[in-house]
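Protein chains: 6
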Amino acid sequence: MFYRTRQLQYHARPDAPDPLYAKKLQEVLGGQWGEISVMMTYMFQGWNCRAPAKYRDMILDIGTEEIGHVEMLATMIARLLEQSPVEAREQAAKNSIIGAVMGGGNMQDVILASMNPQHAIVSGSGATPTDSVGFPWTSRYTIASGNLLADFRFNVTAESQGRLQVTRLYELTEDRGVRDMLSFLIARDTMHQNQWLAAIEELEEDGLEHTPVPSNFPRERELTDVAYQYMNFSEGTESKAGRWAHGPSLDGRGELQYVESPRPLTDDEGLLGLADPRLQGTPPVAAPRG
Amino acid sequence: MFYRTRQLQYHARPDAPDPLYAKKLQEVLGGQWGEISVMMTYMFQGWNCRAPAKYRDMILDIGTEEIGHVEMLATMIARLLEQSPVEAREQAAKNSIIGAVMGGGNMQDVILASMNPQHAIVSGSGATPTDSVGFPWTSRYTIASGNLLADFRFNVTAESQGRLQVTRLYELTEDRGVRDMLSFLIARDTMHQNQWLAAIEELEEDGLEHTPVPSNFPRERELTDVAYQYMNFSEGTESKAGRWAHGPSLDGRGELQYVESPRPLTDDEGLLGLADPRLQGTPPVAAPRG
Amino acid sequence: MFYRTRQLQYHARPDAPDPLYAKKLQEVLGGQWGEISVMMTYMFQGWNCRAPAKYRDMILDIGTEEIGHVEMLATMIARLLEQSPVEAREQAAKNSIIGAVMGGGNMQDVILASMNPQHAIVSGSGATPTDSVGFPWTSRYTIASGNLLADFRFNVTAESQGRLQVTRLYELTEDRGVRDMLSFLIARDTMHQNQWLAAIEELEEDGLEHTPVPSNFPRERELTDVAYQYMNFSEGTESKAGRWAHGPSLDGRGELQYVESPRPLTDDEGLLGLADPRLQGTPPVAAPRG
Amino acid sequence: MFYRTRQLQYHARPDAPDPLYAKKLQEVLGGQWGEISVMMTYMFQGWNCRAPAKYRDMILDIGTEEIGHVEMLATMIARLLEQSPVEAREQAAKNSIIGAVMGGGNMQDVILASMNPQHAIVSGSGATPTDSVGFPWTSRYTIASGNLLADFRFNVTAESQGRLQVTRLYELTEDRGVRDMLSFLIARDTMHQNQWLAAIEELEEDGLEHTPVPSNFPRERELTDVAYQYMNFSEGTESKAGRWAHGPSLDGRGELQYVESPRPLTDDEGLLGLADPRLQGTPPVAAPRG
Amino acid sequence: MFYRTRQLQYHARPDAPDPLYAKKLQEVLGGQWGEISVMMTYMFQGWNCRAPAKYRDMILDIGTEEIGHVEMLATMIARLLEQSPVEAREQAAKNSIIGAVMGGGNMQDVILASMNPQHAIVSGSGATPTDSVGFPWTSRYTIASGNLLADFRFNVTAESQGRLQVTRLYELTEDRGVRDMLSFLIARDTMHQNQWLAAIEELEEDGLEHTPVPSNFPRERELTDVAYQYMNFSEGTESKAGRWAHGPSLDGRGELQYVESPRPLTDDEGLLGLADPRLQGTPPVAAPRG
Amino acid sequence: MFYRTRQLQYHARPDAPDPLYAKKLQEVLGGQWGEISVMMTYMFQGWNCRAPAKYRDMILDIGTEEIGHVEMLATMIARLLEQSPVEAREQAAKNSIIGAVMGGGNMQDVILASMNPQHAIVSGSGATPTDSVGFPWTSRYTIASGNLLADFRFNVTAESQGRLQVTRLYELTEDRGVRDMLSFLIARDTMHQNQWLAAIEELEEDGLEHTPVPSNFPRERELTDVAYQYMNFSEGTESKAGRWAHGPSLDGRGELQYVESPRPLTDDEGLLGLADPRLQGTPPVAAPRG
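Heads up: the sequence lines are chains A, B, C, D, E and F, in that order. So in this note's numbering, spot 48 of the first sequence is number 48, and the numbers just go up one at a time. So this note's numbering is basically just the index in the second sequence, starting at one, shifted up by 1000. So this note's numbering is basically just the index in the third sequence, starting at one, shifted up by 2000. So this note's numbering is basically just the index in the fourth sequence, starting at one, shifted up by 3000. So this note's numbering is basically just the index in the fifth sequence, starting at one, shifted up by 4000. So this note's numbering is basically just the index in the sixth sequence, starting at one, shifted up by 5000.
Okay, structure coming up:
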């Protein structure tokens, strides 16, 4: 069960409205690697967790923090939208140089059209649970497999992609209030990358899971002949220079090999047998017409 | 530019048709962690790559291999569907015990209804680019950020989630032909987990990227006070027991701290200012009626 | 900012596993009118709210409660899935009567195929943020327009559709543990229907909004001639019998009229002018070939 | 079965082309609360209706009218697009002041880029069944539950959100032709809000349905203890001031209570049991490696 | 503007309820090639049409007919659902043989689980605007490009795929009432294939459009060297046997050639230049750490 | 199985970066009729093909070529994005005329906001598998029915819509490098329209399929009375002038007739029977309250 405080976790006030930046900032609220995604992912991983208690609690701690991050971003975006598009249109109409040049009325429309129109028409100057092109958040961004090493690897990725996007957004504004909030989110993503990497170490030390995931699947059930072969499907062999092409495998169970010209391991050309003629597919030979 | 051989990369022939298993197997063809996802992800990462040549070639090698895995799975599914639902319906109708019990005609419909109906109606006994519940593949499963450490972490995840799903599918069938093909895919996923882990090592050794991603963002622009704090948002402190709660941070730049009772770092309650009244939102006080 | 307790808000333990019911119960977790939808809707309405404080707090109170309802349903579904599909397959194989009748191996597959296959392959016996046909939750289910009367009407609807679905699910199971949890959710939905109807009364009493929404749009800007006409676009006049066809309008501003044979109010046939020929559309007359 | 006249229901001709406004106007054609949504919603409610004939006919009357509204909006948008983006690009190129400033060629691209590019590339100056950010209309916007009170509440909402959006669009243009058409749609939405509110009254007077929806579900099957409790999940008690916190409930069946500090009603912490180990989830304790 | 009659266009009454067939029949109501798709496609083609009047009227005639087909299918599906899943569950529970075998309660759940659960939970025994796997209809199925030859080719396809699916559905049932309705839809699809093929002939005879679409694009702007070459990207030359590999081209403007071993026509390896380092992509060489 | 060369199939280098054009060009990479769509469609048609070998090989040849077209477009888009939005923002800030007029800082934001923001934030100056409004590619664009005439008709459409879109994009740029690449794609689409039309001829000559698709469905199972009737659902009879209204049908099996005033062929008004009351739908008469 959950409770809320009245205060935000950290400041979320821009120096000035900026509806065009509001559109971009949506990416880290409702985009694939935004705060809704990590909030929902950690919640479902926690609720579905069957591992020792320290893992479950840790996952739900961070999930709960992320609700507060969603709140901060939604608040910031609503504040960035407090210059009304109607006002902007009116101000622009007074602008004689641009107005004359553009033939009366186009420039102001350009500014408005560069906004996310749904910030005016749909949400009335509020944040929306969508990304920077207006695409709605979807729960396909939520990952919870029941296997914690598979999922913690996803979580490290999410914090990496997320921090990358926030730093890009930092470069796209000069607003000090926005940058202050982003500096907080960047720091928390630093912690969370460290946190999930630590959790991976802990999982391995506790003997719960190893590479390759899943580590308890019986080895005799995989075709070990091809389990450590690097296959070069391109002309040239520049890929031979990397660590992936030679030396012991990183799971400690094999030796990496470089296969310069991989060939099919079967004569099977993938030709299919017959399907029921009543499904009206095209058959190998002509049939009398119905 | 691309070419194809006539043969598949490995065998893809079941011992017997099984339309119900065909439905499940779709998950690793057209699902979130299926072969289309890794094919498209690696292709876009390669085409967008600005890193040294060995990385770009490696990424495109594995992307090209994955086209062949998509081909194998599509072929296998089409073969699993070669028992027609029309024939199944007719056979079932002859079955007097079940037929009598179920009131005539229900049982056969149950079998057919448990199939993915689109395998009959839409594809006429062919594979479809959808997952095990019939949801279409979407390019939101394709990740290519331009930052290779962020992306290689995703790739390790994809090969982990993918291998996990293939082993689960292995347990859900006894068909030797199917299991043979899956044992090949499981082994290739073992290689690919190793390959991306090796590539991460190589990236770090080449000095191209480190934790936290992105590693070249200026440190003074993040709020370092909170960059190494574990925050406990739950009752109780079981999460204190983990590696994430103490000791040096995994990026080697800080010391992890456990904050038992995190408090808001601001007095800001997230209250908003006015929006333009012409957007007809509900204001703080009543206005005369229009 | 948010916190969590260790306990659920109410019991969420079934008497016995039932993977087929787990699939259905997903509807009120991740479906259009499920708990994720109300959680996200109320949160965004609260964060975007510019109305008096009592409204904002009330909206966020209920939003916070709904996080706990999502938690209860996710927990219940994971527990309903604790009978493994692999075990089910093995048990069924021992069943000689059905096995013989169905030709060896079909019946068990029928049971498994009737599960949501992603409950085994994707989530490993955990809940997923999807509905009863496996379609992912999308933020298009989240409504927050900035106009509270428009939004509270949505909220009444959501609690009505949601309570309706929960009562249907109640009829589809005999499990006492499941029914106990549903009886709690049904009661909370009773409260929440009452709560939003009360909030609509309060909004009107506070003079903040009335019918028609939005009530402050200048009346002279609508074509009042047609603002109170019922138009009968069907053969016959059975629709004339209803309250909507006569008497004072419910907004107290007009008199409802029944228009038995509505006619176009314009001669405009919707014919279009020319588009730029370089867009290669089909023009009204043939042009010389390029 | 359906017929069409040659004329539109009302005028739909702008004073001048305006491709940037065309993009915004798409919201009320193909957006969540646009005319396609109400057309499809009312049609499906009518076709699925099992209530008395006057309801079914009324629902289908309005559904049929909405087809004509879709037609008007599609026509208006096609006319707003009759200034070709190719011509706009050429005109802008002649503009020396802006052209010089922007470095030759950028400004015209800005104008074109602010259009919905699909209005040129995909539809060749025609309307598209998408919203103002280009997101396709989806049938998840169609609601038809079989319970008319639940559905009529949705319909009031749809006409409220829709009218709100049309008034916002009215403020975003000065074009008299566009405003004329919008004044017609605003008036019809006034009627339709009245119509659905009247229908709700009629349903209750006919004894067909009441609050709480569904009203015929046996009361003894809900946990009445919590059916009239307002639960305050936030710090502070500002929410206590509202009608929702005290007095008789709006369904006339209970007395509203304010619970200042709600507590969990169970000791259940949501911990899960074991899943089948062959699904390779992370278990509570380490197992020997496979 | 549109009107409706009280009667359906043709009979739509099954001999008996069959909820499992109802699920399948959804494909041609709300699937990619179902009746909603052709209704919406023809409407948008008509409303966006700038070609001679006979084309526009013809397109809108057939679009209007399709509304009536949507109505027939929705009605049929609602009638197929009139056996309640609650009743089915109760009947099955009385069935001792199956019940005993399956361990009490599984069989009835199997039947119910094979239904589309949303037919009970969401629509209360009504049709839904979704396909046979429950995926919602999306307006991406609507095609209207402004170029009538491009669009009429789509329309022939839609009537071909649609008729194919209806014949498959015909084979999947024995119900005479259902088959009667399908025989009507199959015949109308025969007409509509003929109609669009005739319209293509007419377009060409009227000189409005030819192969290749678009036919008025200046020929000197395409690289005619490769405009008639068949390129063989596979091992082997079986594809050489077809009409596509030799003889005059079907547009009458060239001679088809078979290129047995196509080679790249450029030395460009697709290597990219630098991106701004502040976007934090991985660069070609290591940079000092931030 | 597949291989790749190092070179692209044709040049893909723009004269200069142009991030606004990059956004538009995405339409033919990741849009409905873009290169990913034809690549995936032809692959699935080939893998599911049960027709004679020459067809299967031809389909897979062209599918393999399309992978190379996806590669060319992705490369071109990444190169068009090599002017960083951060640099553009800085340059614009120096621009005093515009800067002064717009109030300091707005103009540069306008330029950036007209970009696809995901080209900066998500892909870091790389191509994305989405269309020109940022909507992700979905496998619902992939068509493979098993019936080759139905599918080849789709393929002709795809090459027609695709070529149409590429010619529109040609008109929207002056960049010679971009136009060079487009002239290649336009020519290949010319070939591919010819190729699929030839394949249709071949299918008919080989006796494998005819109009109406599917041609082997027994004629006595369709309602031939209405199989050749043109039905006029509009006021007026302009549609009577076309080839579709008279003369022999194009399948050679009937005579087209013009039905000026089509009437319902049934008395059925589509009224429904009862549903189970426990689903809580609204019934024809009031029931006592629960």
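We put the beta carbon where it would ideally sit given N, CA and C, even for glycine. Just so we're clear, the structure is a prediction, and the values are computed from it rather than from any experiment.
| Query | Result |
| --- | --- |
| Three CB pairs or more closer than 8 Å across the segment 271-286 of chain A and the segment 245-262 of chain A | no |
| Distance CB(I2077 (chain C))-CB(A2022 (chain C)) smaller than 8 Å | yes |
| 7 Å Cβ shell around I1143 (chain B) - same chain, five flanking residues per side excluded | T1041, D1151, F1154 |
| L2311 (chain C) to H2069 (chain C) span [Cα, whole Å] | Chain C is shown from 2001 up to 2290; residue 2311 (chain C) falls before or after that span and cannot be answered. |
| Runs of alpha helix (DSSP H) wholly within the segment 4132-4195 of chain E (minimum 4 residues, chain order) | 4148-4171 |
| DSSP beta-bridge partners of V259 (chain A) | A:M231 |
| As assigned by DSSP and simplified to three states, the class of D4015 (chain E) | coil |
| Cβ-Cβ distance between E4039 (chain E) and Q3009 (chain D) below 8 Å | In the sequence on display, residue 4039 (chain E) carries Met and not Glu. Cβ atoms of M4039 (chain E) and Q3009 (chain D): not closer than 8 Å. |
| Chain-order list of residues whose beta-carbon lies under 6 Å from that of S5145 (chain F) (same chain, five-residue window excluded) | D5151 |
| Alpha carbon of S2215 (chain C) to alpha carbon of T2157 (chain C), nearest angstrom | 20 Å |
| Beta-carbon spacing of D1175 (chain B), P1014 (chain B) below 8 Å | yes |
| Beta bridge counterpart(s) of F5002 (chain F) as assigned by DSSP | B:R1004 |
| Residue burial classification, I1061 (chain B) (beta-carbon count within 10 angstroms, cutoff 16) | It should be noted that the sequence gives Asp, not Ile, for residue 1061 (chain B). With 16 or more Cβ atoms within 10 Å of its Cβ, D1061 (chain B) is classed as buried. |
| Contact under 8 Å by Cβ, M43 (chain A) with G63 (chain A) | yes |
| Inter-residue CB distance, L3169 (chain D) and I121 (chain A) (contact presumed, cutoff 8 Å) | 6 Å |
| Enclosing alpha helix (DSSP H) for A5053 (chain F) [first to last residue] | 5053-5080 |
| CB of V133 (chain A) within 8 Å of CB of V5133 (chain F), strictly | yes |
| Run of the alpha helix (DSSP H) containing Q4045 (chain E), from where it starts to where it stops | 4035-4047 |
| Min CB distance E4082 (chain E) to chain B below 8 Å | no |
| Cβ of V5133 (chain F) within 8 Å of any chain D Cβ | yes |
| Nonlocal neighbours in the same chain, by C-beta distance under 7 Å from V4213 (chain E), ignoring five residues either side | N4147, L4149, A4150 |
| Reference A2275 (chain C), options D:D3189, D:E3238, D:G3124, D:T3138, closest by Cα | D:G3124 |
| Three-way DSSP call (helix, strand, coil) for T1130 (chain B) in this model | strand |
| Reference T173 (chain A), options A:L80, A:P52, A:T190, A:T5, closest by Cα | A:L80 |
| Three-state secondary structure (DSSP) of P5214 (chain F) | coil |
| Status (buried if at least 16 other CB within 10 Å, exposed otherwise) for D267 (chain A) | exposed |
| Opening and closing residue of the alpha helix (DSSP H) in which V5322 (chain F) lies | In the structure as shown, chain F begins at 5001 and stops at 5290. Residue 5322 (chain F) is therefore absent and cannot be evaluated. |
| Whether Q193 (chain A) touches T1224 (chain B) by CB criterion (8 Å) | no |
| Bridge-paired residues (DSSP) for P3248 (chain D) | D:E3255 |
| P3212 (chain D) at chain C interface by Cβ criterion, 8 Å | yes |
| Members of the segment 236-247 of chain A that neighbour chain E once the beta carbon cut-off is set at 7 Å | none |
| M3102 (chain D), DSSP secondary structure in three states | For M3102 (chain D), the predicted structure reports a pLDDT of 37, less than 50, and the residue's modelled location is therefore unreliable. The matter cannot be settled from this model. |
| Interface partners of W137 (chain A) on chain C, CB under 8 Å | T2138, S2139 |
| Minimum C-alpha distance to D1180 (chain B) - residue among A:A53, A:E222, A:S261 | A:E222 |
| Residues that S5125 (chain F) contacts on chain B, provided the C-beta gap is smaller than 9 Å | N1048, R1050, G1146 |
| Interface residues of chain F facing Q4229 (chain E) [CB-CB closer than 7 Å] | M5191 |
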